[in-house]
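To keep things clear, I will list the structure first and then write my remarks on it.
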């Protein structure tokens with residue numbers, strides 16, 4: 002009996018010790034977890050933040066900020082686009098700072114007091130013909146039916162550069178090349194059209210420094226950075242081809258130069274022109290062109 006009680010007591014003591022050891026280990030494990038989990042959580046949050054930052058950098062690289070792009074350009078101020086007389090009359094007439102036409106007369110800069118008029122007179126003299134011979138025919142016997150009316154008028158437009166931003170020869174030549182203009186024998190930029198007489202200028206462009214030529218000693222001007230106060234666009238009427246409107250070609254060229262280079266457009270009397278003014282000039286010159294060609298063909 003005594004032995005049985007002793008064994009039972011030992012088992013009870015052993016069980017108590019085992020339970021104590023088990024509870025002690027459980028307590029230590031919980032304490033360890035409580036101590037470690039916050040660090041793991043912080044680490045997880047840090048990794049998440051870093052990954053988010055990387056993702057944001059990738060997203061921003063697809064759309065780089067404009068401030069980081071180094072773009073060099075020259076901002077050329079001008080009074081507004083040259084009016085287009087070919088636009089529909091029922092278009093909305095929104096007068097804003099971007100499309101308004103400056104009709105305030107601005108004195109045209111001159112090298113000398115008589116320089117523009119003298120140069121214009123010289124250019125007009127290029128188109129003068131023998132007044133005793135009102136009509137001419139081509140000498141080729143196969144083209145004897147071709148009648149050429151004599152020039153009765155020279156129409157011109159002045160495109161004046163902004164006072165603080167004169168044009169350079171390089172800029173004028175580049176815009177002229179966009180319109181397929183070539184430097185002709187007289188040194189002016191010519192827009193050529195092919196007739197039975199050969200290649201003839203429909204209109205020409207000169208710069209506003211005497212003599213207005215883009216040639217020097219037979220060669221194209223070498224100083225491409227030479228600054229000029231504007232350009233003169235001109236043509237003889239009637240034009241070389243009765244099937245092509247000379248005045249329309251001239252006005253489109255003036256509009257192209259004006260929109261590319263900026264500036265203010267003037268008529269040959271140095272008065273600024275707006276859309277209505279251009280439309281009136283166009284109607285007058287187109288009628289004159291047609292009338293002279295009709296007279297020549299009917300006369301022959």
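Numbering (this note's numbering), first residue to last: 2 to 301. By construction, the Cβ of each residue, glycine as well, lies at the ideal position given by its N, Cα and C atoms. Being a predicted model, the structure only gives us computed values, none of them experimental.
Practice task
Could you name the residues of the same chain whose beta carbon sits closer than 6 Å to that of residue 207, not counting the 5 residues immediately before and after it, in chain order?
Solution key: Cβ within range, chain order: 189, 213, 233.
Exercise for the section: Whole angstroms is fine: what's the gap from residue 225's alpha carbon to residue 297's? Expected result: Their Cα atoms are separated by approximately 43 Å.
Exercise for the section: Report the residue ranges of all alpha helix (DSSP H) runs contained in full by the segment 156-210; include only those spanning at least 4 residues, in chain order. Expected result: If we require 4 residues or more, the alpha helix (DSSP H) runs fully inside the segment 156-210 come out as 170-179.
Exercise for the section: Output the distance between the C-alpha atoms of residue 210 and residue 170, rounded to the nearest integer angstrom. Expected result: Looking at the two C-alpha atoms, the distance is approximately 11 Å.
Practice task
State yes or no: is the C-beta of residue 228 nearer than 6 Å to some heavy atom of the ligand SAM?
Solution key: This structure lacks the ligand SAM; in fact it carries no ligand of any kind.
Exercise for the section: Could you give the DSSP three-state label for residue 235: helix, strand or coil? Expected result: Here residue 235 sits in strand by DSSP.
Problem - Best match in 257, 245, 201 for proximity to residue 175 [C-alpha to C-alpha] - result: Closest by alpha carbon: 257.
Exercise for the section: Ignore the nearest five residues each way along the sequence and tell me which others in residue 286's own chain have a CB closer than 7 Å to its CB. Expected result: Cβ neighbours of residue 286 beyond the five flanking positions: 156, 238, 248.
Handout entry: Contact check, residue 202 vs residue 293, beta carbons under 7 Å
Key = In this structure, the beta-carbon distance from residue 202 to residue 293 does not fall below 7 Å.
Handout entry: Burial state of residue 215 (16 or more Cβ within 10 Å)
Key = Buried, because 16 or more other Cβ atoms sit within 10 Å of the Cβ of residue 215.
Exercise for the section: Report the option in 23, 166, 12, 18 whose CA atom is closest to the CA atom of residue 263. Expected result: The shortest Cα separation from residue 263 among 23, 166, 12, 18 belongs to 166.
Exercise for the section: Can you tell me the Cβ-Cβ gap for residue 161 and residue 230, rounded? I've got them flagged as a contact below 8 Å. Expected result: Here residue 161 really is in contact with residue 230; their C-beta atoms are around 7 Å apart, less than 8 Å.
Exercise for the section: Buried or exposed for residue 251, please, with buried defined as at least 16 other CB atoms from any protein chain shown within 10 angstroms of its CB. Expected result: Answer is buried; the Cβ neighbour count reaches 16.
Exercise for the section: Would you identify the three-state DSSP class for residue 292, choosing helix, strand or coil? Expected result: Here residue 292 sits in helix by DSSP.
Practice task
Starting from residue 149, trace the beta strand (DSSP E) both ways and give me its first and last residue.
Solution key: Residue 149 -> beta strand (DSSP E) spans 148-150.
Practice task
Would you mind sorting residue 282 into buried or exposed? The rule is 16 or more other CB atoms within 10 Å of its CB.
Solution key: That one is buried.
Exercise for the section: Let me know the secondary structure DSSP gives residue 17 once reduced to three states. Expected result: The answer is helix: DSSP assigns residue 17 an H, G or I state.
Handout entry: Backbone CA spacing between residue 16 and residue 4 [nearest angstrom]
Key = Going by the C-alpha atoms only, they are around 18 Å apart.
Handout entry: Closest Cα partner of residue 227 within the set 236, 276, 173
Key = Ranking the options by Cα distance to residue 227, first place goes to 173.
Problem - Neighbour-count burial assignment, residue 23, 16 or more Cβ in a 10 Å radius - result: Exposed is the call here.
Problem - From 265, 272, 269, 153, residue whose alpha carbon lies closest to that of residue 314 - result: One cannot answer for residue 314 here, as it falls past the ends of the chain, which runs 2 to 301.
Exercise for the section: Out of 289, 274, 19, state which residue places its alpha-carbon closest to the alpha-carbon of residue 1. Expected result: No answer is possible for residue 1: the residues shown for the chain start at 2 and end at 301.
Handout entry: Rounded separation between residue 12 and residue 21 - CA only
Key = Going from the Cα of residue 12 to the Cα of residue 21 covers about 14 Å.
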